[in-house]
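A.B. asks: Protein chains in written order, with our numbering: chain A, 69 to 308; chain B, 291 to 581. The C-beta atom is built at its ideal place from N, Cα and C for all residues, glycine as well. The following block contains the structure, expressed as structure tokens.
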Ligand SMILES: Nc1ncnc2c1ncn2[C@@H]1O[C@H](COP(=O)(O)OP(=O)(O)O)[C@@H](O)[C@H]1O
Ligand SMILES: [Mg+2]
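Encoded structure:
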């Protein structure tokens, strides 16, 4: 049984349909990349999985349970954590507090929370010096690391990452992707949304390619990386 | 010199009342993005319950205060459920109108059942006050300043040191993200309304003995509290406190040195000056924090 399964999911913003029947699955322990150009519906897919949006038809099944319609507060308690587009770090709180609030999906004592935050600083040593800095003062790379750290503090079975490389310098992107590998090694399954296809396919086991609300391609990451269609879709004139 | 000290003392006292109501206004605004036009009815309600318990039912002062505080918890919760909650997914305008309607409704319900007569509440402390040098200290003002200072300290500790306080802050900064992390957003907003109503109720309990209770007593307080938040920088907690106390001082000194009848006007002269010259308020540059 896959950890996550989407069955023919349709989603609309008002009268505009953003996903026109998506079916995909993520097996436990995998890193799966969800690729596609800007506006293809990648973020909408993640928002539907985490319960920020409800599908108009179809269903989302997580760990054997139908979760579509439950709402985000309940879904995150089941062990599904979503690092949303734009990082969405609370600007008026410190890095430490932001990371700590990632554990709001479960019961934990102050001591356990402090230990969790320490573990995150061990994983992201670059943000440790800013532990007590208010987040509006951080750079994009630091915010991204704080956002991933916060998502991991939920101790998810499945982590959804929405364009973690967006707007970051190449060196920082390297670091973020190293951490994604490390997350997988620690036993967390990852569904990774990226426009940076090469980078995403270099860490992923499998991948899907979305185009305007429909899945166009799917397969092993190495096959996708070598496919001409991917090159056409990403290097051909589509706006990034 | 003594008169200056005396006026400063009174000004801080009155300003503390504005600050408490302004704090409630800011907390609700930060949590819901709505300016609550019924904020002044929180102090009125707190004072009204006190009047009913103390004067009509003849209960002891301490019990009346406890009942008033309990009443404000219920009122805040009911306000959240009845006025805000049904419209929470609409834009700010329907909610704003809803709070305005709630204010009119509450005042008229009390008018219908209790009547329009004002009430004179006895001071909380039975003694008449004391003299330090030639400065006379009214005990009610001492209570107001002491309780307000204590509340500000407790609130600071609560928001900055407790996990629940941080969840409330997170909710006010990004509700959708807070929900995505598993923070119970509805409960956080409920808590904000209850706390804001309590702050207002306490302000009403404290101020009623020095200004008379009346059904419309909250209107002027709410206007001053609103002015205080603009002066301090809208949406800023410190701004609400500094703005409230500043406004109390300006009003008191203005009444003493310029004109008593225009006392209420000074607040609006200052407000107008701020809107023209420093529209972002004293702590306005922190707007960056909300970006
Ligand atoms: N809040 C919204 N309201 C209306 N349409 C939206 C909204 N968000 C996204 N869309 C539309 O849905 C489609 C998919 O968007 P999105 O999932 O954000 O794409 P991606 O993440 O792949 O760039 C796009 O056509 C976009 O314009
Ligand atoms: Mg997107």
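Output needed for residue 581(B): all residues of its chain with C-beta closer than 7 Å, excluding positions within five of it in sequence on either side, in chain order.
C.D. replies: Confidence at residue 581(B) is low in this model, with a pLDDT of 37, below 50, so the placement of that residue should be treated as unreliable; the coordinate-derived value is given next. Nothing meets the Cβ criterion.
A.B. asks: How would you list, in chain order, the residues of chain B whose beta-carbon sits under 8 Å from the beta-carbon of residue 92(A)?
C.D. replies: Within 8 Å Cβ-Cβ: nothing; residue 92(A) doesn't reach chain B, min ~21 Å.
A.B. asks: Can you say whether residue 547(B) is buried or exposed, counting buried as having 16 or more other CB atoms within 10 angstroms of its CB?
C.D. replies: Per the 10 Å Cβ criterion, exposed.
A.B. asks: Is residue 464(B) close to chain A, meaning its C-beta is less than 8 Å from at least one C-beta of that chain?
C.D. replies: Output row for residue 464(B): interface = yes.
A.B. asks: Could you work out which residues of chain A lie near residue 407(B), taking near to mean beta carbons separated by less than 9 Å?
C.D. replies: In chain order: nothing, as chain A lies at least about 46 Å away.
A.B. asks: Mind checking the region 149-163 of chain A against chain B and listing, in chain order, the residues whose C-beta falls within less than 7 Å of any C-beta there?
C.D. replies: Going along the region 149-163 of chain A in chain order, one finds 150, 152, 156, 158, 159, 160, 161 with a Cβ nearer than 7 Å to chain B.
A.B. asks: Tell me which same chain residues have a C-beta within less than 6 Å of the C-beta of residue 264(A), skipping the five on either side of it?
C.D. replies: 233, listed in sequence order.
A.B. asks: Between the region 458-469 of chain B and the region 477-496 of chain B, do three or more beta carbon pairs fall short of 8 Å?
C.D. replies: The region 458-469 of chain B vs the region 477-496 of chain B: in contact.
A.B. asks: Please list the partners that residue 473(B) has in chain A, where partner means a Cβ-to-Cβ separation under 8 Å.
C.D. replies: Ordered by position in chain A, the residues that pass the 8 Å Cβ test against residue 473(B) are 141, 169, 172.
A.B. asks: Terminal residues of the continuous beta strand (DSSP E) containing residue 75(A)?
C.D. replies: Taken as a continuous stretch (DSSP letters only), the beta strand (DSSP E) holding residue 75(A) covers 72-81.
A.B. asks: Apart from the five residues on each side of it in sequence, which residues of its chain come closer than 8 Å, Cβ to Cβ, to residue 421(B)?
C.D. replies: Taken in chain order, the residues that qualify are 427.
A.B. asks: Could you tell me the distance, in whole angstroms, from the CA atom of residue 367(B) to the CA atom of residue 474(B)?
C.D. replies: Distance between the alpha carbons of residue 367(B) and residue 474(B): 16 Å.
A.B. asks: CB residue 275(A) to CB residue 101(A), shorter than 8 Å?
C.D. replies: Yes; because the gap between Cβ atoms is below 8 Å, this pair is in contact.
A.B. asks: Quick one: grab the DSSP three-state call for residue 419(B).
C.D. replies: DSSP places residue 419(B) in coil when its eight states are reduced to three.
A.B. asks: When the Cα atoms are used, what is the spatial distance from residue 308(A) to residue 109(A)?
C.D. replies: Since pLDDT at residue 308(A) reaches only 39, below the 50 mark, its modelled position is unreliable, and the value read off the structure follows with that caveat. Between residue 308(A) and residue 109(A), the C-alpha separation is close to 13 Å.
A.B. asks: Buried or exposed: which applies to residue 485(B), given that a residue is buried once 16 or more other Cβ atoms fall within 10 Å of its Cβ?
C.D. replies: Looking at its Cβ environment, which holds 16 or more other Cβ atoms inside 10 Å, residue 485(B) is buried.
A.B. asks: So, does the CB of residue 573(B) fall closer than 8 Å to a CB anywhere in chain A?
C.D. replies: So, not an interface residue.
A.B. asks: On a CA-only basis, which of 226(A), 124(A), 164(A) is nearest residue 213(A)? Give me that one, please.
C.D. replies: Checking every option, the nearest Cα to that of residue 213(A) belongs to 164(A).
A.B. asks: DSSP three-state call for residue 96(A): helix, strand or coil?
C.D. replies: Of the three classes helix, strand and coil, the one that applies to residue 96(A) here is coil, per DSSP.
A.B. asks: Taking C-beta to C-beta, are residue 487(B) and residue 327(B) nearer than 8 Å?
C.D. replies: Contact: no.
A.B. asks: Consider the Cβ of residue 175(A): report whether some Cβ of chain B lies at a distance smaller than 8 Å.
C.D. replies: Answer no: the Cβ-Cβ gap between residue 175(A) and chain B never drops below 8 Å.
A.B. asks: Which residues of chain B have a Cβ atom closer than 7 Å to the Cβ of residue 118(A), listed in chain order?
C.D. replies: Result: 470.
A.B. asks: Of the choices 181(A), 132(A), 283(A), whose alpha-carbon is the least far from that of residue 220(A)?
C.D. replies: The shortest Cα separation from residue 220(A) among 181(A), 132(A), 283(A) belongs to 181(A).
A.B. asks: Classify residue 550(B) as helix, strand or coil using the three-state DSSP reduction.
C.D. replies: Reduced to three states, the DSSP call for residue 550(B) is coil.
A.B. asks: Measure the Cβ-Cβ separation of residue 308(B) and residue 470(B) and say whether it is below 8 Å.
C.D. replies: Not a contact, by the Cβ cut-off of 8 Å.
A.B. asks: Give the residues from the region 442-462 of chain B that approach chain A closer than 8 Å (Cβ to any Cβ), ordered along the chain.
C.D. replies: Those would be 453, 456, 457, 459, 460, in chain order.
A.B. asks: Assign residue 425(B) to one of three DSSP states: helix, strand, or coil.
C.D. replies: It is a strand residue.
A.B. asks: How is residue 516(B) classed by DSSP in three states: helix, strand or coil?
C.D. replies: In this structure, residue 516(B) counts as helix in the three-state DSSP scheme.
A.B. asks: Can you say whether residue 125(A) is buried or exposed, counting buried as having 16 or more other CB atoms within 10 angstroms of its CB?
C.D. replies: Exposed is the call here.
A.B. asks: How about residue 604(B): is its C-beta nearer than 8 Å to some C-beta of chain A?
C.D. replies: The structure shown does not extend to residue 604(B), since chain B spans only 291 to 581, so no value can be given for it.
A.B. asks: Pull up the CB-CB distance for residue 69(A) and residue 132(A), whole angstroms please, since I reckon it's below 8 Å.
C.D. replies: With a Cβ gap of about 6 Å, residue 69(A) and residue 132(A) count as contacting.
A.B. asks: Is there at least one non-hydrogen atom of ligand 1 closer than 7 Å to the beta-carbon of residue 151(A)?
C.D. replies: No, Cβ of residue 151(A) sits at least 7 Å from all heavy atoms of ligand 1.
A.B. asks: Just to confirm, is the Cβ distance from residue 316(B) to residue 519(B) under 8 Å?
C.D. replies: Their beta carbons are under 8 Å apart, which means residue 316(B) touches residue 519(B) by this criterion.
A.B. asks: Could you tell me whether the Cβ atoms of residue 136(A) and residue 228(A) are closer together than 8 Å?
C.D. replies: In this structure, residue 228(A) does not lie closer than 8 Å to residue 136(A) by Cβ.
A.B. asks: DSSP state of residue 122(A), grouped into three classes?
C.D. replies: Here residue 122(A) sits in coil by DSSP.
A.B. asks: Taking 7 Å as the line, does the beta carbon of residue 86(A) fall inside it for any heavy atom of ligand 1?
C.D. replies: Result yes, Cβ under 7 Å from ligand 1.
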